[in-house]
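**Student:** Which chain is which? The protein sequence lines are G and Z, in order. Numbering-wise (our numbering), the first sequence opens with residue 2 and increments by one. Numbering-wise (our numbering), the second sequence opens with residue 80 and increments by one.
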Amino acid sequence: MLITLEKILLEYDPEAKNLLPALEKISAVFGYVSRENARKVADYFSLPESKVYETASFYDLVNIKKQPNLIIKVCSGTHCAVSDSRKIVEEIENKLHIKAGDENNPRVKLEIISCLGRCGEGPVAVINDKVYERVTAGGVGEILEEWI
Amino acid sequence: MQNSTKIITQHWNDINPLKIEDYLNVGGYKALHRFVKKMSPRQAIEEIKKSGLCGRGGAGYPTGQKLEMVGVSGATEKYFICNLDESEPGTYKDRMLVDYDPHLLIEGVIIVALSVGAYKAYIYINGNYKKQKDILEIALAQAREKNFWGAGILGSEYDLEIEIFSGAGAYICGEETALINSIEGNRGEPKLRPPYPTDAGLFGKPTAVNNAETIANIPWIISQGGEKYAKIGAACSPGTKLYILGGTVKNPGVVEAPTGITIRELIYDFGGGLPEGKDFWFAQIGGASGKLVVENELDIPLTFSRDCPIPLGSGAVLVVDKSVDIHDLILSWTGFFRRESCGKCVPCREGTFRLDEIAGRLKDGKISDRDKQAVYDILWTLNNTTFCPLGKFAATAFSDAISKLKILGD
């Protein structure tokens, strides 16, 4: 069944406390909050469109730009950092010929992210929504093959 | 050592977190019964004050005092928020708390919310903790079925609604005013204080915000009494604490131990020391915002007191050995604060950005004399002029790395 924006919005009463949860849900379902959808959210919550964008643009779990199909995230928290997470980033950069933090590649995005609270199992990488634990630079190739 | 008092972790591993019956069988929700049948809200807060319990999120503010400020307010609408937005790097104690004993937390939330006179409680959970959110939802449904929350709790006149609010991935939302802003549908930027949330918090109403670990101590305090609690651990900030051991230790993980324990005891007695062939270099206490500790400081006891030279912070203990590339860790700190600075105030927005750039040049061996001078200015500015404590946090470890590890030379 097709999920439409209207259906998502109906799950939430138009109160201030539901704005962020609704934006999170929209971003999770459609990949990002488009201009058109932001306008509909603004109407539904009786807020100016600028206010919706103001909130949406702040949070890591809400995207306001169309996302590439492949999103690779590598944790750089203190625990992962001392177990060589930077080498993992370099390995992915070399293998895919991309740069971490480049927002303009329409195909793939490599992000260095903050701690996910999985420090006991680090270094941690997340591809789309799949979590990989105890990743090594040597194991990067095998993981990427699942996706490319 | 191993049979020291356990408060939070006492039933970890021997109960099924998804079964409320297991929690009831080990005496769960007895504190709630006691509170509802035998105590007034004021007596409960008095008991918490007597216990000396202080905030486990890192700041160490006396919990009883905070609750009293909200409790005595005559406002008809008040809120209680349990802060489970754990996002300090290297910290996952609150996640474990939900994984192993969610009802302990819920029981604490109910008791505290009722004692401050709130009809509505929020559990603000880190947006990345999806599994833990599911666990809490199941546990909350079970507790509601037993009439532990909802309307007319256990036949009394107490009413309470509990809602889970999922954060959206912002470290700064662990700061209570920023957290409140995000529930209100705003950007998660901190607010100017005063007014404090205890006077005008969520939607302008008196609000108590407490860390999840703090709350998990409450059922024990209500059942066993505040005086007994006050005898555990260091006198200045009694109780136990969850410590998160990581990095180069034999047994990483979460352990519960009294406050006032030394860093050496944590690393060697609980963590089993360093693996063979690794030499201790330093430890970082309290996550990315924590201070660095070198060999001759390992016997400092950890407490929440302002006089404690090493703040306990979130309780994370990262052990670093001499084989680690310090530049990786420095970039982890500076990159983290650059990403997580909310951008509200210039000193933090610019300072964290420039510090990260300089850290990058330091790693590449391209650091100039001008950078070395600028670093001191930036660190001073972060430490003294930012709007909220995040700026200070961003400067702490870097400053220690300069003074104790001589990363810029002597």
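Note that the Cβ used here is the ideal one computed from N, Cα and C, for glycine as well. Keep in mind it's a predicted model, so treat the numbers as computed, not measured.
For G/Y45, which residues from the same chain have a beta carbon less than 7 Å from its beta carbon, with the 5 sequence-adjacent residues on both sides left out?
**Tutor:** L10, P15
**Student:** Are there 16 or more other CB atoms within 10 angstroms of the CB of G/R135, so buried, or fewer, so exposed?
**Tutor:** Exposed, since its Cβ has fewer than 16 Cβ neighbours within 10 Å.
**Student:** DSSP beta-bridge partners for Z/D479?
**Tutor:** Paired residue(s): none; Z/D479 is not in a bridge.
**Student:** Less than 8 Å separating the beta-carbons of Z/D400 and Z/F359?
**Tutor:** Yes; because the gap between Cβ atoms is below 8 Å, this pair is in contact.
**Student:** Going by the DSSP bridge assignment, what does Z/V372 pair with across the sheet?
**Tutor:** Z/A362
**Student:** Look at the alpha carbon of G/E92 and the alpha carbon of G/N129, and state the distance between them as a whole number of angstroms.
**Tutor:** 18 Å
**Student:** Among Z/F477, Z/T464, Z/R385, Z/G394, which residue has its Cα nearest to the Cα of Z/L410?
**Tutor:** Z/F477
**Student:** Sort Z/F415, Z/G283, Z/G352, Z/D180 by Cα distance to Z/G107 and report the nearest one.
**Tutor:** Distance from the Cα of Z/G107 is smallest, within the candidate group Z/F415, Z/G283, Z/G352, Z/D180, for Z/D180.
**Student:** Would you be able to state if there are at least three C-beta pairs under 8 Å between the segment 325-338 of chain Z and the segment 435-448 of chain Z?
**Tutor:** no
**Student:** May I have the straight-line CA-CA distance separating G/G78 from Z/G134, to the nearest angstrom?
**Tutor:** 24 Å
**Student:** Identify the continuous beta strand (DSSP E) that holds Z/P337 and give its terminal residues.
**Tutor:** 332-337
**Student:** Using a Cβ-Cβ cut-off of less than 9 Å, give me the residues of the segment 108-124 of chain G that come near chain Z, in sequence order.
**Tutor:** I113, I114, S115, C116, L117, G118, R119, C120, G121, G123
**Student:** To the nearest angstrom, how far is the alpha carbon of Z/L353 from that of G/G121?
**Tutor:** Using only the alpha carbons, I get a separation of about 16 Å.
**Student:** What did DSSP end up calling Z/G43 once you bin it into helix, strand or coil?
**Tutor:** Residue 43 of chain Z is absent from the model: chain Z starts at 80 and stops at 489.
**Student:** For the segment 77-108 of chain G, enumerate the residues whose C-beta is nearer than 7 Å to any C-beta of chain Z, in chain order.
**Tutor:** S77, G78, T79, H80, A82, V83, R87
**Student:** Quick one: any contact between the segment 254-270 of chain Z and the segment 414-423 of chain Z, if contact means 3 or more CB pairs under 8 Å?
**Tutor:** yes
**Student:** Taking Z/E306 as the reference, which of Z/K128, Z/L146, Z/A110 has the closest Cα?
**Tutor:** Answer by Cα proximity: Z/K128.
**Student:** If we count Cβ pairs, one from each stretch, closer than 8 Å, do we get three or more for the segment 337-346 of chain Z versus the segment 370-379 of chain Z?
**Tutor:** yes
**Student:** Looking only at its own chain, which residues have a Cβ that is under 8 Å from the Cβ of Z/Y171, when we skip the five neighbours before and after it?
**Tutor:** E165, I323, V333
**Student:** Taking Cβ positions only, does G/V63 come closer than 8 Å to chain Z?
**Tutor:** yes
**Student:** Quick one: complete beta strand (DSSP E) runs, 3+ long, within the segment 120-165 of chain Z?
**Tutor:** DSSP runs (the beta strand (DSSP E)) wholly in the segment 120-165 of chain Z: 158-163.
**Student:** With a threshold of 8 Å between beta carbons, is Z/Q81 in contact with chain G?
**Tutor:** Unreliable placement is indicated for Z/Q81, whose pLDDT of 44 sits below 50; no coordinate value is reported for it.
**Student:** Decide yes or no for the touch test of the segment 301-318 of chain Z against the segment 151-163 of chain Z: beta carbon pairs closer than 8 Å, at least 3 of them.
**Tutor:** no
**Student:** Would you kindly report the start and end of the unbroken beta strand (DSSP E) that includes Z/D178?
**Tutor:** No beta strand (DSSP E) contains Z/D178, which is instead part of the alpha helix (DSSP H) from 172-179.
**Student:** I need the DSSP call for Z/V191, collapsed to helix, strand or coil.
**Tutor:** helix
**Student:** Closer than 8 Å, CB to CB, is G/E25 near chain Z or not?
**Tutor:** yes
**Student:** Whole angstroms is fine: what's the gap from Z/V115's alpha carbon to Z/H182's?
**Tutor:** Just so you know, the alpha carbons of Z/V115 and Z/H182 end up roughly 17 Å apart.
**Student:** Measuring alpha carbon to alpha carbon, tell me which residue in Z/G231, Z/L239, Z/D278 is nearest Z/G150.
**Tutor:** Nearest C-alpha to Z/G150: Z/D278.
**Student:** Suppose you measure from the CA of G/D61 to the CA of Z/Q122; what does that come to, to the nearest Å?
**Tutor:** 42 Å
**Student:** What does a CB cutoff of less than 7 Å around Z/N205 pick up in its chain, not counting 5 residues either side in sequence?
**Tutor:** L163, D164, E165, S166, G246
**Student:** Would you mind working out which of Z/K209, Z/A230, Z/L176 sits nearest Z/A197, comparing C-alpha positions?
**Tutor:** Ranking the options by Cα distance to Z/A197, first place goes to Z/A230.
**Student:** Below 7 Å between beta carbons is the criterion; list the residues of the segment 255-277 of chain Z that meet it against any residue of chain G, in chain order.
**Tutor:** S261, I262, E263, G264, N265, R266, G267
**Student:** Anything in chain Z within Cβ reach of G/A17, meaning under 9 Å, just list it in chain order.
**Tutor:** Residues of chain Z passing the Cβ test: I262, E263, G264, N265, F282.
**Student:** State yes or no: is the beta carbon of G/F59 nearer than 8 Å to at least one beta carbon in chain Z?
**Tutor:** yes
**Student:** Would you say Z/P354 faces chain G, with C-beta separation under 8 Å as the test?
**Tutor:** no
**Student:** Using the Cα positions of Z/K145 and Z/A287, report the straight-line distance between them to the nearest angstrom.
**Tutor:** 7 Å
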